[in-house]
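Before any comments, here is the structure.
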Amino acid sequence: MNPISANAQAAAAILAQRRLQGLQGPCLPDGMRPVSLDEAMAIQRAVMPLMGDAVGGWKCGTPGPDKLVVAPIYASTIHRQADSAPCPVWASEGAVRVEPELAFVLGQDLPVRDQPYEPHEVDAALAATHLALELIDSRYNDPAVLSFADKLADGLVNQGLYIGPSVDGDEAALTRVMPIGVRVDAGGEQVRAGQHPDPLPTLPLYWLVEYLREQGVGLQAGQVVITGSYAGTFPMPVGPELAVRYGELGELRVRFQARVRT
C-alpha cells in the first residue's frame, strides 16, 4: 500500500470524530475530499487506527466500473440477538435505517499468502451463516451532493451490524430471492420483495478475500462478512419489539435503542 498523505490523514480525523460522536457534517474541505477510489480508500484506511477499535468484520459487494464496495465494520458496533439486550444505534427522527443481509462468520483465519484463495477454501473457512441487519448512518448531512468516492471514504454509510440467529449455511448460500417480512410489536407483517444483488450471496465474499489478500490484509476467525442487501435500505422504529422474516430461512428479532449524539 502507498503511504497515506497528510490530506488523507486530516480527512480521516474529521470522519473518525464524526463517527465516534454520531455527528454529521458537510462534505470534506477542498483538498481533503477524495476525487478517486484510491484516494477514498486511503482515507478509509486512515480512519481505522483512529477508532481505537478492532475490525470485527467487513461489508462488501461485487465491484463495477468506478465502483468499489468494501468497508470495515468495527467490533464494538457489532451486536447480537443472543445477547438479549437492546441494540444501540444512531437514530434520526425515531428510526434507524437498515439493510437485511446474510452474515458469514469465519471459523478459520485466511492469512495473506502468495497464491489466490479458491472459493472452496473460503467455504471451508466459514463457521456459520446468520441473518443480519446492517445498520446505516452517514457522517455527511447532505447526501445529494456526495460522490461515490465521498461515501467510500466514509465507510459506505455503515454504523454497525446486528446479528440474528444462525441458519442453514448451504441453503443460505444458494438463496438469491426471498421475501423480507417486517412486524412491529407483533402487528401485521409488511412484506418486501427480496433479491440479492448478485447471483449468489457468497460471490462478493470470494471477491473480498482476494481483494484484501492483494492489499496485504488477511481475515481472522470470528470476523463477519456481509455481502449485500436483499431489500435495499429502509427505516425501522426505535423502541418497539421488531421481527424480520427472511423467507423460509428464519426470523430475526430486535429492539433498537437510540444512542445520544454528542
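Residues in the sequence shown are numbered consecutively from 1340, following this note's numbering.
Built from N, CA and C at the ideal position, the CB exists for glycine as well.
- Taking each of LEU1513, VAL1374, ILE1412, PRO1404 in turn and checking the Cα distance to PRO1388, the smallest one comes out for ILE1412.
- Per DSSP, the unbroken alpha helix (DSSP H) holding VAL1386 starts and ends at 1376-1386.
- Fewer than three beta-carbon pairs drawn from the segment 1444-1463 and the segment 1480-1489 are found closer than 8 Å, and the two stretches are therefore not classed as touching.
- Between the segment 1584-1593 and the segment 1413-1432 there are three or more C-beta pairs closer than 8 Å, enough to call the two in contact.
- Sixteen is the threshold: since fewer than 16 other Cβ atoms of the shown chains lie within 10 Å of the Cβ of GLN1454, the residue is exposed.
- Scanning VAL1530, ALA1442, ALA1597 for the CA closest to the CA of GLY1396 turns up ALA1442.
- Restricting attention to PRO1404, LEU1500, VAL1444, GLY1391, the CA atom closest to the CA of ARG1436 is found in LEU1500.
- The closest CA to that of PRO1540, considering only ARG1372, LEU1470, GLY1526, is found on LEU1470.
- Contact check for ARG1357 against GLN1363 passes: the beta carbons are separated by less than 8 Å.
- In the DSSP assignment, SER1344 is bridged to no other residue.
- A contact is defined here as three or more CB-CB pairs under 8 Å, and the segment 1550-1563 fails this definition with respect to the segment 1520-1527.
- For VAL1496, the CB contacts under 7 Å within the same chain, skipping 5 residues up- and downstream, are ILE1475, ASP1476, SER1477, LYS1490 in chain order.
- Counting the other CB atoms within 10 Å of its CB gives ALA1385 a total of 16 or more, which places it among the buried residues.
- Judged by DSSP secondary structure, ALA1471 falls within the beta strand (DSSP E) whose first and last residues are 1465-1475.
- Beta-carbon to beta-carbon, GLN1383 and ALA1492 are separated by about 6 Å, close enough to satisfy the 8 Å threshold.
- Within the DSSP bridge table, the entry for PRO1427 names GLN1596 as partners.
- Around the Cβ of THR1572, a 10 Å sphere holds fewer than 16 other Cβ atoms; the residue is exposed.
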